[in-house]
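Have a look at the structure below, then the notes.
2 protein chains.
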Amino acid sequence: MWSKCSRGCSTSSRLIFQIGNSASLATSPEIAGEPTGPCIKTSVPGPKTKQLLCELSKLQQAGSTEIFINYDKSIGNYLVDADENTYLDTYTQIATMPLGYNHPELLQVFRNEHDLKCLVNRPALGVYPGEDWPQRMNHIADAIAPYGLRHLNTMMCGACSNENAFKHAFMAYRRKVRGDDNFTEEEKQSCVLNKPPGSPNLAIMSFLHGFHGRTIGTLSTTRSKYIQKIDIPAFDWPMANFPQYLYPLEEHEECNRVEDYRCLASVEELFEKWCKKGIPVAGVIVEPIQSEGGDNHASPTFFRKLQAICKRNNAALIMDEVQTGGGPTGKFWCHEYFDMESPPDIVTFSKKLQLGGYFFSDDMMVNQPFRTFNTWMGDPGKVILLEKIIDIIVRDQLLQNVRLTGDYLLKQLQCMEKEFSPIIHSTRGRGTFIAITAETPEKRDEMIKRLKSKGVICGGAHPQTLRLRPTLLFSKNHADIFLDKLNEVLKDIKKA
Amino acid sequence: MWSKCSRGCSTSSRLIFQIGNSASLATSPEIAGEPTGPCIKTSVPGPKTKQLLCELSKLQQAGSTEIFINYDKSIGNYLVDADENTYLDTYTQIATMPLGYNHPELLQVFRNEHDLKCLVNRPALGVYPGEDWPQRMNHIADAIAPYGLRHLNTMMCGACSNENAFKHAFMAYRRKVRGDDNFTEEEKQSCVLNKPPGSPNLAIMSFLHGFHGRTIGTLSTTRSKYIQKIDIPAFDWPMANFPQYLYPLEEHEECNRVEDYRCLASVEELFEKWCKKGIPVAGVIVEPIQSEGGDNHASPTFFRKLQAICKRNNAALIMDEVQTGGGPTGKFWCHEYFDMESPPDIVTFSKKLQLGGYFFSDDMMVNQPFRTFNTWMGDPGKVILLEKIIDIIVRDQLLQNVRLTGDYLLKQLQCMEKEFSPIIHSTRGRGTFIAITAETPEKRDEMIKRLKSKGVICGGAHPQTLRLRPTLLFSKNHADIFLDKLNEVLKDIKKA
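The listed protein sequences correspond, in order, to chains G and B.
Residue 521, in my numbering, is where the first sequence stops; the numbers in between run on with no holes.
Residue 521, in my numbering, is where the second sequence stops; the numbers in between run on with no holes.
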């Protein structure tokens with residue numbers, strides 16, 4: 026058993042960022058029918074998973090498939106696989122399950138005849154929306170719109186949301202240059218040929234280790250792993266440096282401040298360089314915490330200064346909250362921590378919000394129809410689930426649960442880090458959006474593998490990060506199970 | 026009333042393409058509760074639609090919104106709007122509703138507890154699929170895989186399917202050039218910087234008036250309307266000519282054959298030109314019938330020769346069946362009409378199939394995981410609907426219904442075209458995938474508007490096409506209603 030750390034670390038272990046109100050909850054959220062812990066009955070992966078993988082591999086490249094799941098039996102924070110192994114899931118389908126598996130209220134949603142019909146009669150939302158659509162959209166915007174951003178477009182997934190955010194940035198930039206949206210005949214004709222001035226030379230700036238999607242436009246801004254990009258043509262767009270901090274933050278304030286300035290200087294330099302190249306930067310896309318790239322944090326100061334640079338250069342600031350949005354950091358949007366002078370121009374979302382989309386400012390509004398259009402423009406079936414999820418987050422004070430659990434988990438991990446140095450280090454996080462770094466990529470892989478064989482599923486990230494993306498219902502007792510298993514694994518690795 | 030044409034036109038009016046077995050069905054498919062015809066009670070758009078549009082316009086650019094729908098009351102081929110107007114819908118949510126509204130069997134699907142749980146517990150399919158996933162995928166591949174293409178990836182929408190098809194084409198091309206998938210260190214490092222050799226200069230060729238999506242990669246191949254492309258950067262990719270036939274085809278065989286050769290010559294020329302530019306063409310994307318671009322047909326000979334050119338140039342042939350797939354042409358895949366020497370390398374789909382995806386050949390298989398990966402990789406909730414739709418198409422012989430209704434409709438329209446020349450001309454189609462061309466874009470707009478005010482919804486396409494995309498349940502009695510209303514509208518326009 027990991028002996029819980031209740032003293033010593035508590036004051037020094039808090040992230041220097043403001044964590045918000047963490048007053049204690051009366052009770053942890055309860056999930057009826059959840060097992061009391063993981064239970065592994067076979068080798069992992071088990072024989073049934075291996076057999077199913079053979080079957081699937083005939084149809085497609087299935088090398089990324091880890092286990093096949095019995096979604097009838099999975100419940101709350103626990104996944105049950107095809108071999109009847111039960112796992113505590115801290116990765117939740119790549120951070121997409123806010124309320125875990127088989128939440129009883131989500132299972133009730135489509136028993137409502139009207140909602141079922143919304144799901145089955147899927148409209149082309151941009152042309153023939155349901156008569157309840159404006160009300161649903163307003164309900165969502167009222168509940169979750171980032172401060173200062175009232176406009177909302179829905180999409181299907183995160184990549185598509187970022188693709189359309191780029192389009193808004195390009196259109197807004199060209200509108201500023203042109204002074205209006207009265208296109209010339211030359212623009213209209215040249216764009217069909219993919220040539221300027223209709224198809225202008227414009228860029229989106231992104232950051233080293235950033236991840237924004239794998240469609241070809243977003244892939245030109247994704248800078249995490251080569252396997253995602255190799256052999257695919259890309260735009261000549263600039264890549265700035267993203268802070269690589271030393272943790273814990275409060276012990277490295279000066280050093281990390283210098284790192285902020287190094288990275289901001291690279292942003293300024295690239296704005297100038299690309300302008301001289303004749304490919305001005307129309308927008309900058311950034312994650313509030315780089316996720317796929319290794320859970321890299323940046324300070325509120327970094328984001329505030331980045332916004333100022335964007336404003337000076339007439340470029341849109343696009344905050345990619347695809348992974349951070351929906352509450353895992355303890356606030357609904359992670360950028361709320363940054364106390365920015367004004368809202369980002371666009372905030373994109375997906376994952377925990379079940380569908381994609383983006384909130385945007387008045388400046389980013391498009392004046393003509395059919396410029397950011399597609400057949401479905403999202404999916405009411407997912408919006409109905411999202412509405413229920415938001416209601417439950419508010420009613421059950423789940424953001425507070427995330428902050429409490431996250432505070433606890435972070436402190437315990439910081440103590441554990443001391444015991445197991447140098448095997449793990451750099452514990453960091455907001456809410457339960459927490460990561461540690463392993464000594465080497467191989468040790469990280471070993472940790473994830475051993476944790477899985479003990480019944481705990483975690484995620485990896487570039488290059489040697491272990492990341493947690495639990496449900497918003499993840500509470501102290503789940504955290505303790507994770508900590509115990511991690512303690513066992515680290516002891517084994519230390520011995521080996 | 027339009028007096029039906031039962032003689033004269035019947036032999037000369039058939040498309041010269043083979044139509045398949047059109048033996049008569051015993052009965053038309055019945056839809057319980059369908060009204061007997063449209064019923065318009067208010068001006069169109071009605072007061073409630075106008076009020077809802079004001080509300081939605083505060084949130085987003087809603088200029089494309091035509092009417093707000095009551096999806097509880099809509100049934101079969103009929104839409105009911107917020108003002109209680111009932112329309113015969115021949116456009117079906119931009120060609121996405123194969124079985125119309127509130128099909129009783131689709132409404133039953135999620136009453137099955139297991140299927141409901143598949144919907145609500147949405148997995149990251151590339152990592153943690155459900156244990157029934159290989160079986161579901163095999164069921165679908167067995168039922169609908171295009172001849173010769175057994176591999177299948179699922180996606181969320183048509184654009185994403187085409188984006189990933191391009192990636193397969195690029196990877197396959199680079200593998201041929203390199204001889205294997207052993208990437209060099211230089212390739213691995215340069216691709217993160219968006220530079221060759223890791224991010225190679227490669228192109229996808231497309232055709233004038235083609236439409237393949239609005240994400241930034243696919244938008245570089247879309248060549249239909251400027252409003253979709255203007256202000257968005259694009260790749261320097263080539264655009265070939267697509268046949269612009271004279272109709273009816275059997276009266277213009279020689280002339281259209283010359284047109285085929287003109288267009289194929291442009292394809293060959295562009296392969297050579299882009300190769301000299303240092304941006305070799307890795308793939309060609311083409312629709313079996315250009316849809317958004319105006320329902321432009323091309324002959325089987327054109328497609329067979331296009332495939333031969335692709336093969337000679339080591340480029341993948343990507344058949345974009347996003348709009349034609351799923352039965353509207355009277356075959357499940359439109360390219361089945363072309364009797365091609367071998368299957369296309371990739372066939373992409375979406376719309377009527379409820380989600381996106383693509384079938385592909387052995388040559389297009391990717392050898393490493395995480396190269397065509399994303400968070401969700403489709404949606405089991407949509408696959409469950411698709412499985413039921415396929416079962417109903419087969420059981421109720423709906424492709425045969427489409428061919429019968431289509432034959433009838435085409436003949437009647439060809440007669441009507443003679444009566445109302447030159448207001449309409451160039452009647453063309455396969456199955457019920459039928460279009461006519463109006464004398465001017467303004468007259469086409471007027472036709473669509475007047476039809477709507479009489480209770481019939483149709484689609485427009487570039488530049489003066491009126492297109493029909495009815496459900497697969499659309500039968501002779503629905504066709505007669507459409508023909509009557511069109512006759513009234515054309516008489517009014519002729520008088521005006």
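Built from N, CA and C at the ideal position, the CB exists for glycine as well.
- Judged by their CB atoms, D404/B and T179/B are nearer to each other than the 9 Å cut-off.
- Listed in chain order, the positions of the region 327–338 of chain B with a beta carbon within less than 9 Å of a beta carbon of chain G would be empty, since no residue qualifies.
- Within the region 111–133 of chain G, contact with chain B at the beta-carbon level (separation under 7 Å) is assigned to Q118, I119, T121, Y126, N127, L131, L132.
- The C-beta of I65/B comes no closer than 9 Å to any C-beta of chain G.
- Per DSSP, reduced to three states, the secondary structure at I473/B is helical.
- For N187/B, the CB contacts under 7 Å within the same chain, skipping 5 residues up- and downstream, are H237, G238, T243, I310, D345, T373 in chain order.
- Sequence-ordered contacts of the region 286–320 of chain G with chain B are nonexistent [C-beta pairs closer than 8 Å].
- A Cβ-Cβ contact shorter than 9 Å links P353/B with K377/B.
- Note: N321/G is bridge-paired with Q315/G in the DSSP secondary-structure output.
- Taking M162/G as reference, the option from D320/G, E412/G, G355/G with the minimal CA-CA separation is E412/G.
- Runs of alpha helix (DSSP H) with 4 or more residues, each lying fully within the region 240–280 of chain G, are found at 241–244, 251–254, listed in chain order.
- When only Cα atoms are considered, R396/B and P273/B end up about 46 Å apart.
- Per the Cβ contact rule, the region 103–119 of chain G is not in contact with the region 119–128 of chain B (fewer than 3 Cβ pairs under 8 Å).
- Annotation: Q85/B to L144/G spans about 22 Å, alpha carbon to alpha carbon.
- Interface residue (Cβ-Cβ distance to chain G less than 9 Å): T462/B is not classified as such.
- Runs of alpha helix (DSSP H) with 4 or more residues, each lying fully within the region 133–207 of chain G, are found at 138–145, 158–169, 183–203, listed in chain order.
- For T462/B, the beta-bridge partners assigned by DSSP are H450/B, T490/B.
- Contact check for H234/G and G319/G: beta-carbon distance about 6 Å, within the 8 Å limit, so the pair qualifies.
- For A521/G, no CB of chain B lies under 9 Å from its own CB, so it is not counted at the interface with that chain.
- Between S324/G and D370/B, the alpha-carbon positions lie close to 48 Å from each other.
- K519/B and N338/G have their alpha carbons spaced roughly 56 Å apart.
- The closest CA to that of A486/G, considering only S249/G, P159/G, S500/G, S367/G, is found on S249/G.
- R396/B carries a coil assignment under DSSP once its states are collapsed to helix, strand and coil.
- F232/B is bridged by DSSP to A265/B.
- Around the Cβ of C216/B, a 10 Å sphere holds 16 or more other Cβ atoms; the residue is buried.
- Along the region 380–409 of chain G, the positions whose C-beta sits under 8 Å from a C-beta of chain B are M390, V391, N392, Q393, P394, F395, R396, T397, F398, N399, T400, W401, G406, read in chain order.
- F357/B and E312/G have their C-alpha atoms spaced approximately 43 Å apart.
- Contact note: K142/B reaches chain G through Y96, D97, N127, L132, using a C-beta cutoff of 8 Å and chain order.
- Secondary structure in the region 99–132 of chain G: the beta strand (DSSP E) runs of 3 residues or longer, each lying completely within the stretch, are 103–105, 111–114 in chain order.
- Annotation for L342/B: the continuous beta strand (DSSP E) segment containing it runs 341–345.
- Put simply, of R475/G, K73/G, L227/G the residue whose alpha carbon is nearest the alpha carbon of G303/G is L227/G.
- For V372/B, the enclosing beta strand (DSSP E) begins and ends at 371–374.
- Contact check for G223/G and Y251/B: beta-carbon distance about 7 Å, within the 8 Å limit, so the pair qualifies.
- Residue state for A307/B is assigned as strand, using DSSP reduced to three classes.
- Against chain G, the CB of S89/B has a partner CB under 9 Å away; the residue lies at that interface.
- For M264/G, the nearest beta carbon of chain B is closer than 9 Å to its own beta carbon.
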